[in-house]
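Beneath this line is the structure, given in structure tokens, with notes to follow.
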Amino acid sequence: MKEINTAEVFPTLRNISLSRRTFVACAAIAAAQAALVSAGCAPEVQSSGDGLASTAAFAPGTYTASAPGKKGPVTVEVRMSESAIESVEIVEFEDTERISAPARERVPQQIVELQSLNVDTVTGATLTSMAIIESVADCVNQANGDASALKKAASPEKSDETKEIQADLVVCGAGGAGMAAAVAAAQQGLDVVVFEKTAYAGGNALVSGGWLEVFEGVDDMKPDMTDGNRDMFHATLQKSLDNGVPKDFVDAVQADFDAYFAAGNTKVYDSMEYYALDYASRNGGPAKEYWLPYAHKVNDLNNWLFDQGYTVSGTLVGIVGFPWPRKAHAVDKENGEGFFSVFDNTVETQSLPITFLFETPVSELIVDGKAVVGASGQCADGTTYRVMADRGVILATGGYSGNPDLLKKYNEMWPWDESTVIPTTNSYGHTGDGHVLAEGLGAELKNMGRQMVFPIADSIDYSTETIVGGNGLGLFVNVNGERFINESLDRFALSAAVMKQPEEKLFIISDALTSGLVNGYNEQGYSEDKLIEESKLFRADSLEELAQMIGADPSVFAKAVDDYNAIARGDVADTVFGRENMSEKDAIVEAPFYASPRTWAAHVTIGGVAIGPDYQALTADGAGIEGLYVVGECSDGNSGVSSMSTGLSCVNQMLA
Numbered sequence: 023m024k025e026i027n028t029a030e031v032f033p034t035l036r037n038i039s040l041s042r043r044t045f046v047a048c049a050a051i052a053a054a055q056a057a058l059v060s061a062g063c064a065p066e067v068q069s070s071g072d073g074l075a076s077t078a079a080f081a082p083g084t085y086t087a088s089a090p091g092k093k094g095p096v097t098v099e100v101r102m103s104e105s106a107i108e109s110v111e112i113v114e115f116e117d118t119e120r121i122s123a124p125a126r127e128r129v130p131q132q133i134v135e136l137q138s139l140n141v142d143t144v145t146g147a148t149l150t151s152m153a154i155i156e157s158v159a160d161c162v163n164q165a166n167g168d169a170s171a172l173k174k175a176a177s178p179e180k181s182d183e184t185k186e187i188q189a190d191l192v193v194c195g196a197g198g199a200g201m202a203a204a205v206a207a208a209q210q211g212l213d214v215v216v217f218e219k220t221a222y223a224g225g226n227a228l229v230s231g232g233w234l235e236v237f238e239g240v241d242d243m244k245p246d247m248t249d250g251n252r253d254m255f256h257a258t259l260q261k262s263l264d265n266g267v268p269k270d271f272v273d274a275v276q277a278d279f280d281a282y283f284a285a286g287n288t289k290v291y292d293s294m295e296y297y298a299l300d301y302a303s304r305n306g307g308p309a310k311e312y313w314l315p316y317a318h319k320v321n322d323l324n325n326w327l328f329d330q331g332y333t334v335s336g337t338l339v340g341i342v343g344f345p346w347p348r349k350a351h352a353v354d355k356e357n358g359e360g361f362f363s364v365f366d367n368t369v370e371t372q373s374l375p376i377t378f379l380f381e382t383p384v385s386e387l388i389v390d391g392k393a394v395v396g397a398s399g400q401c402a403d404g405t406t407y408r409v410m411a412d413r414g415v416i417l418a419t420g421g422y423s424g425n426p427d428l429l430k431k432y433n434e435m436w437p438w439d440e441s442t443v444i445p446t447t448n449s450y451g452h453t454g455d456g457h458v459l460a461e462g463l464g465a466e467l468k469n470m471g472r473q474m475v476f477p478i479a480d481s482i483d484y485s486t487e488t489i490v491g492g493n494g495l496g497l498f499v500n501v502n503g504e505r506f507i508n509e510s511l512d513r514f515a516l517s518a519a520v521m522k523q524p525e526e527k528l529f530i531i532s533d534a535l536t537s538g539l540v541n542g543y544n545e546q547g548y549s550e551d552k553l554i555e556e557s558k559l560f561r562a563d564s565l566e567e568l569a570q571m572i573g574a575d576p577s578v579f580a581k582a583v584d585d586y587n588a589i590a591r592g593d594v595a596d597t598v599f600g601r602e603n604m605s606e607k608d609a610i611v612e613a614p615f616y617a618s619p620r621t622w623a624a625h626v627t628i629g630g631v632a633i634g635p636d637y638q639a640l641t642a643d644g645a646g647i648e649g650l651y652v653v654g655e656c657s658d659g660n661s662g663v664s665s666m667s668t669g670l671s672c673v674n675q676m677l678a
């Protein structure tokens with residue numbers, strides 16, 4: 023195989039940020055810098071039939087139109103002369119910033135350059151792409167043009183070229199775990215090539231809460247310790263004992279807790295040991311043998327991210343399913359964008375040797391004898407890339423919550439049958455590709471029935487980002503207005519309960535003090551007014567009016583709120599549902615009052631490819647597959663944003 027010097031083949035991609043890279047079509051990855059800058063990497067033009075743009079005629083002017091994207095309308099402004107579409111500008115959009123960015127740059131550019139609406143949608147941003155195309159079509163028709171003819175006009179040319187590349191390491195997937203692995207490896211001198219199925223880096227982290235779990239160096243961010251927190255702490259320790267956690271380990275956590283407050287501390291207690299007990303009680307698995315080492319990996323990730331310039335702010339909070347207040351957000355960044363902004367900056371300022379092949383899903387793991395020595399995939403533009411890697415391949419392709427067939431195949435937990443429609447919170451592309459590739463080489467898939475459902479997804483678009491109401495820890499009522507669950511339980515219990523409710527739906531109830539809204543926006547940057555306009559949130563000046571809005575019996579609803587408030591104030595214990603972590607601050611008393619409509623959706627898969635301590639893929643008999651490593655949600659036992667710690671840990675062990 024011919025070796026190619028990637029420093030020569032990819033000169034420009036080393037010197038521009040990831041946010042710019044996401045706009046680059048892989049057909050032009052090997053192009054010269056001038057092409058990247060001046061032509062925007064636009065594919066060549068070919069005629070695909072009737073209605074060529076050269077015959078177009080328009081009423082000159084500037085036109086505006088909108089079409090629905092993934093999360094809301096995309097509005098464009100189109101300027102036309104008598105014979106050409108001169109410019110297409112996106113003036114408003116609601117779709118996730120980084121996910122939609124490639125479509126917002128590339129689709130308008132291709133429409134203008136090709137004078138055609140027969141352009142490619144961007145992988146992973148299909149709905150945004152289609153919204154742009156349909157909005158421009160509307161403008162064309164407004165200008166007395168023929169949009170249907172332009173949809174048959176010139177189209178981007180597809181390549182049949184195969185390009186061969188030599189690298190030190192291949193990473194498959196540019197989500198959290200994949201990016202952590204790629205950046206860490208490049209920082210230690212490896213030449214890295216990253217295959218990514220979509221047109222952007224970020225994966226599911228971009229549609230998650232983007233929460234970082236922190237244990238150290240954040241004393242000023244801790245909330246005050248409450249009686250409810252104490253009750254939850256002691257309940258977790260008792261559950262740990264009941265689950266068979268060694269008593270000496272539990273007693274050591276209790277002793278540390280006692281010493282912390284004996285020293286005069288008043289803020290909430292936390293430690294990596296308590297994290298281990300907490301997560302074992304909620305997710306299963308051994309606290310000391312699995313979750314404690316995992317906590318140390320998360321802490322290592324935190325310190326590494328902080329070294330790269332990642333910063334957190336605000337007060338530590340709990341979230342749905344994980345109520346202990348240890349979650350932090352990036353400064354001024356929504357969802358998981360903060361992680362990737364840091365990666366952008368690190369790659370650019372340190373001139374790291376990383377090559378990204380966007381819109382290029384891996385279709386083959388290249389094997390020499392029994393060792394994995396590279397990977398191959400075809401880009402959306404038709405180009406095939408075969409990349410040989412001296413140090414092997416890291417699979418970081420995520421889980422399979424976006425693949426209902428696999429979910430049903432392995433399901434052991436949920437009341438699904440062949441007719442069940444399974445919505446998902448996932449971004450595009452999380453369909454178990456890495457699982458299939460690894461299994462094809464003899465790797466064992468373990469615990470595939472462990473599938474975490476998100477209990478409070480948006481009831482319209484199934485996203486996680488539109489929550490209003492204490493990060494999902496407010497009062498839960500069903501469509502009848504009845505409280506039905508301890509809101510601080512784990513996600514498995516919460517999801518099972520939601521599935522049993524009428525219409526499989528709930529509302530998170532909050533008020534002016536508990537909504538989490540700040541200056542009219544929720545924690546993830548969504549406008550309160552926009553959510554109301556789209557029926558993703560209800561707001562009222564009285565509880566009776568709110569009950570009517572959600573279709574609940576006002577008297578039943580009022581009782582649910584009154585009973586909840588009595589528990590929050592400490593007037594009575596929650597003898598019905600057993601919630602401990604409440605204080606007077608949780609009471610729902612001050613107008614306006616809010617109801618956030620939610621339902622369940624597939625979220626993360628916990629089982630995956632069996633791995634050893636060094637993240638090497640294992641066969642059913644425990645033998646390692648040489649050259650193949652698996653991290654993040656693709657691997658068994660790892661899921662969620664914190665699983666990006668496995669990408670860092672894998673590389674550190676590989677290069678130790």
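Each residue of the sequence shown is one higher than the last, beginning at 23 in my numbering.
Backbone N, C-alpha and C define an ideal beta-carbon position, used for all residues, glycine too.
- By the C-beta density criterion, N448 is buried, having at least 16 other C-beta atoms within 10 angstroms.
- In this structure the segment 490-497 does not touch the segment 655-670; the number of beta carbon pairs closer than 8 angstroms is below three.
- Taking C-beta separations shorter than 7 angstroms and ignoring five residues to either side along the sequence, the partners of S138 in its chain run A75, L172, A175, A176 and S177, following chain order.
- Runs of the beta strand (DSSP E) spanning 3 or more residues and lying entirely within the segment 519-557 occur at 527-532, in chain order.
- The segment 624-641 makes contact with the segment 421-432, as at least three CB pairs between them are under 8 angstroms.
- In this structure, DSSP gives G250 a helical state, which the three-state scheme calls helix.
- The residue from L539, N500 and T406 with its alpha-carbon nearest to that of E186 is T406.
- By the Cβ neighbour-count rule, F362 is buried, with 16 or more other Cβ atoms within 10 Å of its own.
- If you ignore the 5 residues before and after I633, its C-beta comes within less than 7 angstroms of the C-beta of A639, L640, V652, S657 and D658, all in its own chain and listed in chain order.
- Residue state for H452 is assigned as coil, using DSSP reduced to three classes.
- Every unbroken stretch of the alpha helix (DSSP H) spanning 4 or more residues and falling wholly within the segment 270-329 is given here in chain order: 294-305.
- Beta-bridge partners assigned by DSSP to Q400: T406.
- Beyond the five residues adjoining it in sequence on each side, W622 comes within less than 7 angstroms, by CB distance, of V475, F476, P477, A479, S517, V520, M521 and E526 in the same chain, given in chain order.
- When secondary structure is reduced to three states using DSSP, G629 falls in the coil class, being assigned neither helix nor strand.
- Going by DSSP, P90 is part of the beta strand (DSSP E) stretching over G83 to P90.
- Taking M152 as the centre and dropping the five residues before and after it, the same chain places the C-beta of T143 closer than 7 angstroms to its C-beta, in chain order.
- In this structure, the straight-line span from the alpha carbon of F579 to that of A569 is close to 6 angstroms.
- In terms of Cβ geometry, V110 and I133 form a close pair [threshold 8 angstroms].
- Only residues of its own chain outside the window of five on either side were considered, and among them F237, E238 and M294 have a CB closer than 7 angstroms to the CB of N321, listed in chain order.
- With three or more CB-CB distances shorter than 8 angstroms, the segment 162-172 counts as touching the segment 83-95.
- With contacts defined by Cβ atoms closer than 8 angstroms, I112 and P130 form a contacting pair.
- In this structure, the straight-line span from the alpha carbon of E487 to that of E381 is close to 25 angstroms.
- Look at M152 here: in three-state DSSP terms it is helix.
- Note on geometry: alpha-carbon atoms of K92 and V229 lie some 12 angstroms from one another.
- P130 sits in a helix when the DSSP states are folded into three classes.
- By the 16-neighbour rule on beta-carbons within 10 angstroms, P437 is exposed.
- Segment contact: the segment 452-471 against the segment 552-571, fewer than three CB-CB distances shorter than 8 angstroms; contact not assigned.
- For Y432, the secondary structure class from DSSP, reduced to helix, strand or coil, is helix.
- With respect to the 8 angstroms criterion, F365 and M571 are not classified as neighbours on the basis of their beta carbons.
- When only Cα atoms are considered, A204 and Y637 end up about 15 angstroms apart.
- In the structure shown, the three-state DSSP call for T668 is helix.
- The bridge partners DSSP lists for T621 are A479 and K527.
- In the DSSP annotation of this structure, the continuous segment of the alpha helix (DSSP H) that includes A569 starts and ends at L565 to I572.
- With distances taken between CA atoms, L387 lies nearest to V458 out of T442, V583, N357 and V458.
- One Cα belongs to T536, the other to A642, and the distance between them is close to 49 angstroms.
- Rounded to the nearest whole angstrom, the CA to CA distance from N324 to V583 is 39 angstroms.
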